[in-house]
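Note sheet for the following structure.
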DNA sequence: GCCGTTCCTGCAAAATGTTGCAACAGGGGG
DNA sequence: CCCCCTGTTGCAACATTTTGCAGGAACGGC
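Residue numbers (the numbering used here), protein chains in the order written: chain A, 161 to 309; chain B, 161 to 309.
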C-alpha cells in the first residue's frame, strides 16, 4: 500500500515508450515523484526528492523532463506565489484560491469556474484558462480577525 | 516634457523622508525608473536601466528597494508568465488578461472586476485580489485562426 | 547478446532572485 | 560644520531556472 497509486507511473512509462521516447532511470524517478505527489509539487522539491534516492541526477534533467511531460500532456503547471507548481494533468486542473495572509488553499468547483469564464468571455471574447494562475486574496477566517493587522 | 510625470518622484521622495527613510542616489534612480515606466516593468529591466545611468548599483539594491516601496504602498507587483512586474500603486491595479499564444494584453474594467469578485466571494466568502495574478488564456484573434495549431 | 543511431544526461555558464555581513553614508544633534 | 548613529549599499555566496555542448546510454536491428 506504500505505493498505492504508483500504478500510474508504469502506465505513463508504457505510453512514453509507445511515443518513441526513451525510458531512463532518471525519468522513472521523476515520474514517481510528480505522479505520487499529493496535490502540486515544485521543481526544486522534485529535484531534491529524486537526488535523495538517486544521487548525481542534475537539476536541469528535472526541468527538461517536466517540460517534456507537460508538452505531451501528462502534467501541467500553474503559478503560485512562490513560483511554478506541477501536478498530474487533469487531477489538479482547478482554480486555486490562495490566502495571501495565512497561505491556506482552496479551489473552485467546475461550475463556479465555468461561470467565471463566461463572465470574462464577454470581454472581447477572451477565453481564459483560470487554472494557469492562482487567485490571491483573503480567506474568510483571515478577514474575521484582521483588525489587528 | 521629457520628464512629464517625474514630479511624482519628488513627491515620493518627500514622503519617504517624512517616514524617516534615507534618500540615496540609488533610491532616486530606482524611483524614477519605476514611476516613469509606461505600464509595468520587471526588476531586471529596472536594474539595467539604473545601472546604465549609475554604474555600480547592485541588483540586490534594486530588489530590496522594490520590496520596501511595495511594503509602504508606493508600488505593487503582479505575476505574469515571465515573472513579477512592478507598477505605480493604484495606476496599474487592474486585471491583466494575457493571451498565451500571441502575448497580447488587455485589462478588465472595474465593473467587470467587481462582478468577478462577487462571484468568487460566494465561495466560502473568499475575498480575491484579481490584480495580483494575471489571467492567462486565448484572445479572440488567436481563437479565429487556431486550426493551424 | 553486440552495434550503431540518436536521444538523454551531466556539466558548465549565465540570468534571475535572496540573504548575511562589513563598510559606507544620510541626516539629525551638537 | 563636524560627529555619531543607524539605515543602506555593495559584495559574496547561494538558490532557482535555462541553454549549449560533448559524452553516455536506450533500444531497435542484426
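From the three backbone atoms N, C-alpha and C, an ideal C-beta is built for every residue, glycine too.
In three-state DSSP terms, what is residue i?
i	result
residue 294(A)	coil
residue 245(A)	strand
residue 309(A)	Low per-residue confidence applies at residue 309(A): pLDDT is 43, beneath 50, and the placement is therefore not dependable enough to give any value.
residue 289(A)	strand
residue 185(B)	helix
residue 315(B)	Residue 315(B) cannot be examined here, being either before or after the span of chain B that is shown, 161 to 309.
residue 193(A)	helix
residue 327(B)	Outside the shown range of chain B, which is 161 to 309, sits residue 327(B), and nothing can be said about it.
residue 217(B)	coil
residue 233(B)	coil
residue 278(A)	helix
Do residue i and residue j have their CB atoms nearer than 7 Å?
i	j	result
residue 239(A)	residue 293(A)	yes
residue 210(A)	residue 193(A)	yes
residue 207(B)	residue 222(B)	yes
residue 236(A)	residue 249(A)	yes
residue 228(B)	residue 189(B)	no
residue 172(A)	residue 234(A)	yes
residue 225(B)	residue 182(B)	no
residue 274(B)	residue 298(B)	no
residue 283(B)	residue 272(A)	yes
Closest Cβ-Cβ distance between residue i and chain A: below 7 Å?
i	result
residue 190(B)	no
residue 275(B)	yes
residue 204(B)	no
residue 288(B)	yes
residue 283(B)	yes
residue 245(B)	no
residue 296(B)	yes
residue 200(B)	no
residue 256(B)	no
residue 299(B)	yes
residue 279(B)	yes
Across which residues does DSSP place residue i in a beta bridge pair?
i	result
residue 265(B)	258(B)
residue 238(A)	245(A)
residue 201(B)	246(B)
Quick one: does residue i have its CB under 7 Å from some CB of chain B?
i	result
residue 231(A)	no
residue 253(A)	no
residue 237(A)	no
residue 272(A)	yes
residue 226(A)	no
residue 292(A)	yes
residue 268(A)	yes
Measure the alpha-carbon distance for residue i versus residue j and round it to whole angstroms.
i	j	result
residue 296(A)	residue 287(B)	9 Å
residue 285(A)	residue 267(B)	13 Å
residue 195(A)	residue 176(A)	14 Å
residue 276(B)	residue 244(A)	24 Å
residue 265(B)	residue 204(B)	20 Å
residue 270(A)	residue 254(A)	7 Å
residue 198(A)	residue 278(A)	30 Å
residue 289(B)	residue 258(A)	10 Å
residue 200(A)	residue 179(B)	41 Å
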